[in-house]
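Position one of the sequence shown corresponds to residue 401 (the working numbering), numbered consecutively onward.
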Amino acid sequence: MKVKLKIETQWLELERKSMSKMKRDYEAWERETLQKAKEAQDLRSLREVFYQLGDRWEFDQATGAWLSDGEPLDAVGLILRMPGLEPNKERFVLYAVMAYSKGFTQKFDHLGDKERIIVEHDKGSGKLSVWSTTGHGAMDLFPTDLTTFKTFENALKSSHIIAQPGDHALRFETPYSTGVVDFFTKRLWEIAGGNKEFSVKEIDVLTAKDLEEFLDFKFHRYAASVIELDKIWRKLSGGTVEKAMEKVLDKIPDHIEERDKMTLRKIEGLMHTLWFSPPAQQLSAIAKLHYELSSEPTPTEIQKILVPYLGEIAYSLTDITEKAKYLKWKSVLDGKEFRESDIFKGLNLTAMAKEAFIVALEDILKEHGLAYIGYPERATMKNKVLRVLLSSLILPIRISSSFKTWLIHQARRILSLSSNEVREEIEAVSDETDSPKMEK
């Protein structure tokens, strides 16, 4: 699938200047690594070289190759399908991944900039809403209504996504306003943009269907298993009324009730890990608790209920993490054979996009928690406050910045005009003083 990406021209100009340095560094790293391999005296020293290759793959090899072969701010996108937090709702998270040099950031520890937009579809009412990234990973407080487009794919084909590397943001721009709020928001962002020029190019985007059917990457199953465990944990924890009734009726023996409380407390701790830790870091905690409950010789009813939910999370998480590792391993070892393999059959992607998206997919699992990826409602209080502040401040700051730029432009224009007038007066006086001499 092709999507139109819009980028401010100033970022492209800056990137062209900094890419040359990045390419030189990459070529020097290539020569240095090759020389080390040639000078290796034994298997131990050769193994150290391979360890260095593995540690620096994302930055030096993947990004360096992308910058060497690609255009400024080359990008690739992918869409993750996820369940909504309410029945009959589903979500789609569009990640746009750009490779760029150190011209934008002092800390470059991943493959370019990974920013996202979140779309929610109410399958009952047909309502379609999108949240853009305000800045630094924080989402807009209020969504844009996309219902008139009927499907997310139609909305993507008809609209633009705008990358803002300076703000670490990604915005969804419709061809027309879809409501009063969207009209004013769109107008404000146009003012914030000032007189800036934009370049538009089409980028490859892997749809949720591409990921699930062609690459067998079942992220939806993992997200659904976490939400189901969250629901059953809340239900089993119960409210104050249910607890009071149990105490009065004395249904549950004290020792059983204590074990259940301890189990639910452990599930609560696990839920914190599942929502806020990157998926790649969760497996050991899930496996430990699943083994503990499944190997219990005399499990309680609550423990029996929880075991299948934990098993489903363990299986679905192992599936996506191992699949991401396998794809990256294939891309590293097989090179050209990997890019032409059957897993990409039916996908219209450039060779560089195939490698870049594979690295980005594993990076998402290593760096972003589930709440960050697609459920900002589940964010920590600190991140919720940050979201409110960024949503409230970034737009006014950009408007004031554009106004400042306009004032500077006008001041220079006035000064230029004044200089021209002074120059004209000097020339006029000079002509007048020279005239009599000419007559003589």
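Ideal placement from N, C-alpha and C gives every residue a C-beta, glycine not left out.
- For M498, the beta-bridge partners assigned by DSSP are A475, D513.
- In terms of CA proximity to R659, E701 leads the group A555, E701, L412, I713.
- Under the three-pair Cβ rule at 8 Å, the stretch 766–779 counts as touching the stretch 483–496.
- The three-state reading of DSSP puts E668 in helix, counting H, G and I together.
- Setting aside the 5 residues that flank it on each side, S559 is surrounded in the same chain by F572, E573, T574, P575, each with a C-beta closer than 7 Å to its C-beta; the list follows chain order.
- Counting only residues of its own chain and dropping the five nearest sequence neighbours on each side, E696 has a CB closer than 7 Å to the CB of Q703.
- As for any alpha helix (DSSP H) of minimum length 4 sitting wholly inside the stretch 543–580, the runs are 552–558, ordered along the chain.
- Counting of Cβ neighbours within 10 angstroms places F542 among the exposed residues, the total staying below 16.
- The stretch 695–756 contains no complete beta strand (DSSP E) run of 3 or more residues.
- Its Cα nearest to that of T551, the residue E520 stands out among A680, D540, E520.
- Here DSSP, grouped into helix, strand and coil, assigns G535 to strand.
- DSSP places L541 in no alpha helix (DSSP H); its state is neither H nor E.
- By the beta-carbon neighbour count (other beta carbons within 10 angstroms, threshold 16), T534 is buried.
- Counting along the chain, K635 sits inside the alpha helix (DSSP H) bounded by residues 619–637.
- The beta-bridge partner set that DSSP reports for K489 consists of D522.
- The C-beta distance from V476 to I603 rounds to 6 Å, short enough to fall under 8 Å.
- For R621, the CB contacts under 6 Å within the same chain, skipping 5 residues up- and downstream, are S716 in chain order.
- By the criterion of at least three beta-carbon pairs nearer than 8 Å, the stretch 514–531 is not in contact with the stretch 435–445.
- Between L528 and A569, the CB-CB gap reaches or exceeds 8 Å.
- For A756, the closest alpha carbon among the candidates K728, R813, E515 is that of K728.
- Across the structure, A687 and L670 are spaced so that their CA atoms are roughly 11 Å apart.
- According to DSSP, M482 shares a beta bridge with R491.
- Inter-residue distance for I720 and I764 is about 11 Å (C-alpha atoms, whole angstroms).
- Counting other Cβ atoms within 10 Å of its Cβ, G638 stays below 16 and is therefore classed as exposed.
- Around the beta carbon of E427, a 10 Å sphere encloses fewer than 16 other beta carbons of the protein chains shown; the residue is thus reported as exposed.
- Counting C-beta atoms within 10 angstroms of its own C-beta, A811 has fewer than 16 neighbours from the protein chains shown and is therefore classed as exposed.
- For the 8 Å CB-CB criterion, L615 and I479 do not form a contact.
- In the three-state scheme derived from DSSP, where H, G and I count as helix and E and B as strand, S684 is classed as helix.
- T673 and Q682 have their C-alpha atoms spaced approximately 7 Å apart.
- In the structure shown, E602 falls within a strand segment according to DSSP collapsed to helix, strand and coil.
- F492 and A608 have their C-alpha atoms roughly 8 Å apart.
- Counted as a single uninterrupted DSSP element, the alpha helix (DSSP H) harbouring L770 occupies residues 770–774.
- Selection I667, D425, P678 evaluated against E692 yields I667 as nearest (Cα-Cα).
- The C-beta of E762 has 16 or more other C-beta atoms within 10 Å across all chains shown, which makes the residue buried.
- If you draw a straight line from the Cα of K489 to the Cα of K438, it comes to about 57 Å.
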